[in-house]
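*Asks:* In this note's numbering, the protein residues as written are 642 to 1038. C-beta: ideal position from N, C-alpha, C; glycine also. A quick note: this is a predicted structure, and the numbers were derived from the prediction, not measured.
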Ligand SMILES: [Zn+2]
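1. In this structure, how does DSSP classify residue 733 when only helix, strand and coil are distinguished?
2. Going by Cα to Cα distance, which pick from 654, 1009, 928, 659 is closest to residue 818?
3. Evaluate residue 815 with the Cβ neighbour count: other Cβ atoms within 10 Å of its Cβ, from every protein chain shown; 16 or more gives buried, anything less gives exposed.
4. Could you name the residues of the same chain whose beta carbon sits closer than 8 Å to that of residue 1018, not counting the 5 residues immediately before and after it, in chain order?
5. Shortest alpha-carbon distance to residue 856 belongs to which of 897, 965, 670?
6. Measure from the alpha carbon of residue 862 to the alpha carbon of each residue in 957, 882, 893, 880, then state which is nearest.
7. Measure the C-alpha to C-alpha separation of residue 763 and residue 799 and round it to an integer number of angstroms.
8. Do you know how far the Cα of residue 908 is from the Cα of residue 922?
9. Quick one: using the 10 Å Cβ neighbour count with 16 as the cut-off for buried, is residue 785 buried or exposed?
10. Quickly, what does DSSP pair residue 1033 with across the bridge? List them, please.
11. Of all the options 858, 1033, 778, which has the alpha carbon lying nearest to the alpha carbon of residue 930?
12. Counting pairs of beta carbons, one from the region 667 to 676 and one from the region 871 to 889, are three or more of them closer than 8 Å?
13. In whole angstroms, what separates the C-alpha of residue 1004 from that of residue 741?
14. With DSSP as the reference, label residue 747 as helix, strand or coil.
15. When DSSP labels each residue in this structure, what does residue 676 get in the three-state scheme?
16. Tell me, please, whether the region 947 to 963 touches the region 988 to 996 by the rule of three or more beta-carbon pairs shorter than 8 Å.
17. Would you kindly report the start and end of the unbroken beta strand (DSSP E) that includes residue 796?
18. Below 8 Å, is the gap between the Cβ of residue 856 and the nearest heavy atom of ligand 1?
Right, here's the structure in full:
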């Protein structure tokens, strides 16, 4: 078999995740008073192509109008809540007005003490049209710089977009020079999770205990490219991985998200690397959890099926934690299942969640509904296992 091209990068890294976190975080974990939020973002508008907001918000909402609404409300002392339009305006305002440093500080100041945040950098530049002031390498550099400001609280992950021509350099810089802890995959940005380059990477992530988070929802971002050449592995009728190449045309949001983000795309990955630490973020997304009956798809079932078959498969509550229907299902039904109780991770999707209301309010409402016992499982015990940091705690996990 050919030598893995990423091996020389990984050989520079320790295999024990404990050795890849800063000393200050190690001490915090040993002291024992901490919790995790496994899904946050701190990049501001300088790192976002202009088309980002057009894709993110409903097409009926005009961005000029939002800016106008936003201008008016920033002059008021008290901001009324509950209006979607207003939330979108506030969301855009937040990403526009604050620096990345300020966003990180806001997150820390508005969360419980000693919360450790997985901060996710996204490579939006390959996939979304529009000018950006600061490129992806700059985003990685700045994320690492902010991590150095709060070494006990920030654990950075970075997206690996295999269509980026500089991806090999990015992987090396992020893992070796900047000390990023884990990897993010965002398929609807225009690549399959079983892209050949990613398969090479997972092989080493499995061996080096490097966790992977994938976006798994129908909401939100997708690439602005329409005619996309694709190369990816799938499983043939004999259950063997086979490489497939095709060009596909995409026109609507549903086409992008249904093709790229479906959990089924991970079957070949997990079959090839059954011990990969993998978190399906958003557990299928709002469409799975909004309480409306649905017969055509249930991504969450596929994710639960993966959990049953693979020991290191997890799912997080990011973004959908704002849905009352989700919280209700979680507390009444889901947590009767012991397996799920061990594999759910607490994530907020800060500051994207500001599209749905105030971060602090949404967070508190969820934490209160869940109760301290379940919160301890999903925000302390399970994240520690997902990240491979068990040896730093004396908890029974
Ligand atoms: Zn996110």
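*Replies:* Working from what's here:
1. Within the chain shown, residue 733 is the residue found at index 92, counting from 1. Correct three-state label for residue 733: helix.
2. Here the question's residue 818 lines up with position 177 in the chain shown. Closest option to residue 818, Cα to Cα, is 654.
3. Your numbering for residue 815 matches position 174 in the chain shown. The residue in question, residue 815, is buried, as its Cβ has 16 or more Cβ neighbours within 10 Å.
4. As a working note, residue 1018 is residue 377 in the chain shown. Excluding sequence neighbours, residue 1018 sits near 982, 983, 985.
5. Taking the first residue of the chain shown as 1, we reach residue 856 at position 215. Measuring from the Cα of residue 856, the nearest candidate turns out to be 897.
6. Numbered from 1 along the chain shown, position 221 holds the residue referred to as residue 862. It is 893 whose Cα lies nearest to the Cα of residue 862.
7. Here residue 763 refers to the residue found at position 122 of the chain shown. Here residue 799 refers to the residue found at position 158 of the chain shown. Cα to Cα, the separation comes out at about 6 Å.
8. In the chain shown, residue 922 corresponds to position 281, counting from 1. In the chain shown, residue 908 corresponds to position 267, counting from 1. Distance between the alpha carbons of residue 922 and residue 908 is about 16 Å.
9. The sequence position of residue 785 within the chain shown is 144, counting from 1. Classification for residue 785: buried.
10. As a working note, residue 1033 is residue 392 in the chain shown. Beta-bridge pairing links residue 1033 to no other residue.
11. Start at 1 with the first residue of the chain shown, and residue 930 comes out as number 289. Out of 858, 1033, 778, 858 has the C-alpha closest to the C-alpha of residue 930.
12. no
13. The count along the chain shown starts at 1 and reaches residue 1004 at position 363. The count along the chain shown starts at 1 and reaches residue 741 at position 100. Answer to the nearest angstrom: the Cα atoms are 21 Å apart.
14. As a position in the chain shown, residue 747 is number 106, starting the count at 1. Helix.
15. The count along the chain shown starts at 1 and reaches residue 676 at position 35. It is a strand residue.
16. yes
17. Sequence index remark: in the chain shown, residue 796 carries index 155 (1-based). Element bounds for residue 796: 795 to 800.
18. Along the chain shown, read from residue 1 onward, the residue named residue 856 stands at position 215. Yes - ligand 1 has a heavy atom lying nearer than 8 Å to the Cβ of residue 856.
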